[in-house]
Each structure stands twice: as structure tokens, then as C-alpha cells.
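Notes follow the structure.
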DNA sequence: TTGAAAGCGCTAACAT
DNA sequence: ATGTTAGCGCTTTCAA
């Protein structure tokens, strides 16, 4: 059951060459005689040799591993001992991983890393103690860098990583400014697309369920929507703030409906909330899209799950997270040094809800 | 930006002791003079020292990292070069991570590992090439062992890992027998709970949407359900096989309904399919639970999302995956050598769908 | 209890 | 093109 610790030395002996030559063959260096190369390869094959990653990392100072950090902003005091607040953590973890958005993040990251034989280490960082774990992990060289997805504004992690001189790239511009690379969406443009679509559909009594307004994404999506309506002559757009969760969407929709029973169109700042909004609309006897047109945001799996399937503003999450991984790799390899922003364009996807 | 490579030597000099002593303090060995221990700790603090993981792993032969493998069974031939079949992979990855089940798996694993300062490396293994990556990863000592969650029967990975002498624990008994530890649910018992509940609710014209019948979980849930009805005198239970996805549930339900328009209760082998079934029922003018009572399985987030919220057989996934991680740790530490099965009991959760 | 020293398995600089 | 050798930073005997 124990690793039989076959080393370069063993393979070298088997092939009748030196350690260095075997190393060269394994690392695909060009300056090796083709004949010898084949002999070595055969020896590797025969012995079933697998290089030791720790030994290699020790000298190359690279692990070929990156951390994928899902970061919250919990400011809860230090945990007492190693018995963390299990409930708080589980609640956060459960909520994060239940969100279809997260699956797309992982998909994009894995899509980029795997062909390069790299793999992400999953870390959840919703407390101060957890953030320390993340920085410690990187500082001890367990990973070459971090991909950070914040779920809250005011997340102190990006700035912390920069301060520690660690490689990191964020999903979305950090609310707390820091000289760090990130990928983001032209959220404002997305809000505009939603507004134009609803207007084109002939809806005139519009409202919106926004995301958290302390988050840039929440603000910008709303701003783009409101601005566009304003240019079209609408002075006031009823608004209810949600928290990007299904329940908060249903709740916000209900509020909107009670204050503006005659509304005929609504822009909801993400699909999960839009799904909740559709349920709330149905419960209040409104048909979607006949009575009320609904436009979501993200084009996540919730857009398909929702009845009716959602018209939504697509955010190319997989492409964005793949780009994040590429950006990080460039920083790690030193091919890029300046903090860089990569902004993606949203796209309207028309389905049945409007 | 480069790691400033502070070493044990530096801390030792700072503290005026030897490397060995600093090492002992850092690893919490008892045989260190308390006074010296404090001096060393102060030096560590002052210098901001972080031990190098690779160097440590090289000698301890342990990485404190484990792989979390989501495994499919794709038998597709070897990929040509490093340009994997991106579409197939993305489809698999997207489907896996969109499933609420997966979030709970991660939650349970992280819940166990994090307090121990360990973190899972996420790997997707749906092709032969990907499986090779997984074994190579483990053989080179990049992780101490693997947690394997198979999404298909006939997954060759568990047997492969055993053959390679690597540490691994499976979620659910492998369909292809192998001497390997696993955690599982008493699926048959779950089917029984569903049947008894529907009978107690007075439903008599029952049917079932099963999971894939080549999967032990699919077979057993169905067997438990059918057996129990049989003992209650029912000779035949209409059945439609699904694939554990929302769409397959809706489809199976529609088929069932066309053949047995008068059914008044249905057991659906997971919540995602049950959600699809509820939608299909609604589309065919049936009210849930008044006309047709529905019982799901898993108690995943889909059970809450579903309208109405699902009565379901709870599978304690988080506990099960945490137990998996513990089992793996025991194997790694040598505290457990025999393949072990840990079977969890299901529990009926009554909500509004029946 | 503490220190000196021998590796862990690999890469890379240098010599040939 | 190949071999020799000096570390990478740590843990862990073994002596003191």
C-alpha cells in the first residue's frame, strides 16, 4: 500500500544513463539524443516511474496548482481553537455551492487548467480565520496563485493578497480598491440591453429587482437599466433590492407588486432571483409573459429551470473564469506584471419570459 | 513580487537557536524548553516566516491535500494531443456542477477538511485521459489520497486506484466490485419509507420514476419501493426510468401519465427529477398533492426550490462526505487498513408535495 | 533538551 | 549531448 518510491536514480540505472539525462527526457528538453531518449522512455515505462512532485517543486518553486477561493466578507471574530463555527461555515458553503453560478465558475476554471495538467484547490474564505488559511496556504507555496470570487462587497482578501505579494486574480472589480488583475462584465451595458428589450416589447410600466446595491455588479446593472429608461423618457423606475438568492427575488417581487399592481415588465438582476420573481408573480395571479414580462441576468441554469424559461442577459462566466486562470498563469510566469482588467460584453438571450 | 524565501535557517539565526529547534517548535513537539519555545515563536512572528510545503512534503511524504474526483465513465478513445475534446468535457463539467447534489458533496468534504487545514483538489474524470491524470496526480504524491464520486455505473476508476495501491474512498458502493472503502445510504430502506408514506396518505394508484437502473442506487431505491408495495398487496407498479436530471424526470412523468392517467401518487428517485415531474404534472393539469402526491429523494436544494416544496427521503450527503474524508484520512494515516463500508440511514422529510 | 548532519528526490549550472 | 555535483528547505536520526 505504501508508495514504493521509485526514483530518478532507479530509472537512470535501468536505462544505463545518468539522473540528469532521465530528468531531461521527462521534462521534454530538446538536447537529448533521440536513441537515448527512447531508451529512457522505455525504462520509465517498464518501471512505472512517476516523478515526485514535492522534490520537483522544491527546486522549481512551482506547484502547478492554483487556489480557487470563494470568498465572503464575514468579520466574525477569531475562532476559538480549531473548532470553527461549523454552522456559519456550513451555511455559507451550502449557499455558495447551491448557486448555479458557482458551477459555471468551476467549469471555466477546470476547462482552462486541465489541458495544462493543473488542478484547482477549492477554498472557502468567509471568516478572518479562513482568510488567514488562504494566505498561509499561498505563502507556504502550496499553490502558485489564487483565483478569487467574492460574494460580498468589502471583501478584504484581494487587498490582503496584494499586500503579501502573492499572485491573484479576481472575478469582478473588487469593491475595496486594490492593484490587482480582474475580469469583469460590462454590467451597465447588460442593464441597457434589458431595458431596450422590454421597451421594444412594448412594456411601459417597468420595475426592477436589483442585486445588493453595495456590490458594483448590483449598482451597475441597475444604473444601466435606469439610465436607458431615463433616456427613453421615464423619470422614475420602482425598485426593490434583493440579495441574489431565489427567496429574496420572490420577496422583492411581492413587494413591488403590492406597490405597483399594474406593472407589466420587470428586470431582475440575476436569474435565481428572476426564478423567485416568476413564482411570486404566478402566486399573485400574473401570467409570465402575458401580464408581466420578466428579464433575468446571467443565463445560468436557473434560466432554463425557470417556468417559463427566462429571457436573460448572458454573462459568459465560463469564458470569464477561463480568462481569469489565463491571466493568473501569465502573472505567475512573469509574462505579465501590471494589474490588468479584462471586460466581457453581455448578450441578450431571448426565451419565453418576455 | 517574488517569494522572499525566508527559511528555517533565518528564523534560527534570529532566535539564536538551531534549525532543529525551530522545526520542533513549529511542529508543536513537546520536548522544547518553554522559554526557548517563546523566543522562537517571537522570531517566527517577527520575521513572518512560513514553512515551505514542498520541502516538508519531501521528507514527510505527505501533502495534507486530497483529491476530490467527480468521475464519469466515458470510454472515449485517447485524446489527440493536449487538445482534449473541450465540448464533451465542458458538457460533463457543467452538468455535474449544476446538480445541487454536488454542492452538498463539496460542503461536507470542506466541512471536515478545513478545520484540519486541509483542502480538496477538484478533479473531473470523465474520460480515459482524465482518469490517467488522476492516477498520475496521486502517484507523483500531489495528494495523499482521493475521494471518488462516480456519476455512472461501470466507472473503472475505483478499481484502478486500488490496483495502483493508492488511498481512495468512494461515495456509494462501486458498481464494478473492488476492495475499496465507501460510504453509502440504505437506499432500499429509503424506497420503503417512500412507499409507506404514500400508502399512509391513502394513495393506491402508485407509480415510480426510477433512477438509472444500472446504478446500485437506482436499483435499490426502486427495489425497496416495489417490495414494500408488494407486501401491501400490490402486484404491479408502473415504472419509468429516468437519468437523475430534471428533464428526464419531466419526460418520465409524462410517459407515466399517458399510460396511467388515473395515478394518484408517485415516488421519484431523486429531487431533481421530482421537480421535473411536478412541472410535467402541472402541465397536464394535475395538482400536487391534491390529484397526485409526489415523494422525492435526497432532500437537495431542489426539494426547496420545487413548487410545491417536496416531501422527500433525506440522504445526509454532507455527513456522508465528511465521513468519507475521515475514512480516507484514517487510511492515509494507516489507522485503518481494511476496506470499510459506512452505511447511513435515510429519513423521511414531509413537506407539501404529499 | 538541544545541535550537527544526513538525507528526501529532483533540477540546473557547470564541466566534459 | 551527457555526466557530475551542488543545492532547494525541511525533518529526523544520532550525539552531546
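Residue numbers (this note's numbering), protein chains in the order written: chain F, 151 to 504; chain W, 151 to 504.
Positions of the beta carbon are idealized from the N, C-alpha and C atoms, including for glycine.
Keep in mind the model is a prediction, meaning the values are calculated, not measured.
Secondary structure of residue i, DSSP reduced to three states
i: residue 216/F; result: strand
i: residue 428/W; result: helix
i: residue 319/W; result: strand
i: residue 160/F; result: helix
i: residue 250/F; result: helix
i: residue 502/W; result: coil
i: residue 187/W; result: helix
i: residue 275/F; result: strand
i: residue 265/F; result: helix
i: residue 167/F; result: coil
i: residue 282/W; result: helix
i: residue 260/W; result: helix
i: residue 333/W; result: strand
i: residue 155/F; result: coil
Cβ of residue i within 8 Å of any chain W Cβ
i: residue 227/F; result: Annotation note: pLDDT 40 at residue 227/F (below 50); position unreliable, coordinate value reported separately. It does not: the Cβ of residue 227/F has no partner Cβ on chain W nearer than 8 Å.
i: residue 233/F; result: Low local confidence applies: a pLDDT of 41 at residue 233/F is under 50, so the model's placement there is unreliable, and no value is given.
i: residue 457/F; result: yes
i: residue 250/F; result: yes
i: residue 247/F; result: yes
i: residue 392/F; result: no
Interface residues of chain W facing residue i [CB-CB closer than 7 Å]
i: residue 273/F; result: 269
i: residue 396/F; result: 455
i: residue 208/F; result: 204, 205, 208
i: residue 451/F; result: 248
Cβ pair residue i, residue j closer than 8 Å
i: residue 327/F; j: residue 305/F; result: no
i: residue 357/F; j: residue 399/F; result: no
i: residue 368/F; j: residue 360/F; result: yes
i: residue 268/W; j: residue 215/W; result: yes
i: residue 365/W; j: residue 424/W; result: no
i: residue 257/W; j: residue 470/W; result: no
i: residue 164/W; j: residue 196/W; result: yes
i: residue 363/F; j: residue 391/F; result: yes
i: residue 281/F; j: residue 307/F; result: yes
i: residue 342/W; j: residue 374/W; result: yes
i: residue 473/W; j: residue 462/W; result: no
i: residue 291/W; j: residue 203/F; result: yes
i: residue 271/W; j: residue 311/W; result: no
i: residue 444/F; j: residue 408/F; result: no
i: residue 335/W; j: residue 439/W; result: no
Listed by chain order, chain W residues near residue i by CB distance under 9 Å
i: residue 215/F; result: 215, 271, 292
Below-8 Å beta-carbon distance, residue i vs any chain F residue
i: residue 287/W; result: yes
i: residue 283/W; result: yes
i: residue 194/W; result: no
i: residue 261/W; result: yes
Amino acids of chain F, ordered along the chain, whose beta-carbon sits closer than 7 Å to that of residue i
i: residue 200/W; result: 286, 289, 290
i: residue 203/W; result: 290, 291, 292
Per-residue contacts from residue i into chain W (C-beta, under 8 Å)
i: residue 367/F; result: Ordered by position in chain W, no residue passes the 8 Å Cβ test against residue 367/F, which lies about 21 Å from the chain.
i: residue 278/F; result: Here the premise fails: no neighbours, minimum Cβ distance about 14 Å.
i: residue 429/F; result: 457
Where residue i meets chain F, residues with beta-carbon distance less than 9 Å
i: residue 244/W; result: 253, 254, 257, 451, 468
- Task: With a floor of 3 residues, list each beta strand (DSSP E) that falls wholly inside the segment 293-317 of chain F, ordered by position along the chain.
- Result: 296-300
- Query: Considering only residues of the segment 351-429 of chain F, which uninterrupted alpha helix (DSSP H) runs meet the minimum length of 4 residues and lie entirely inside it, listed in chain order?
  - Reply: 366-381, 396-409
- Quick one: which unbroken alpha helix (DSSP H) runs of 4-plus residues sit fully inside the segment 437-504 of chain W? Chain order, please. 451-455, 467-483
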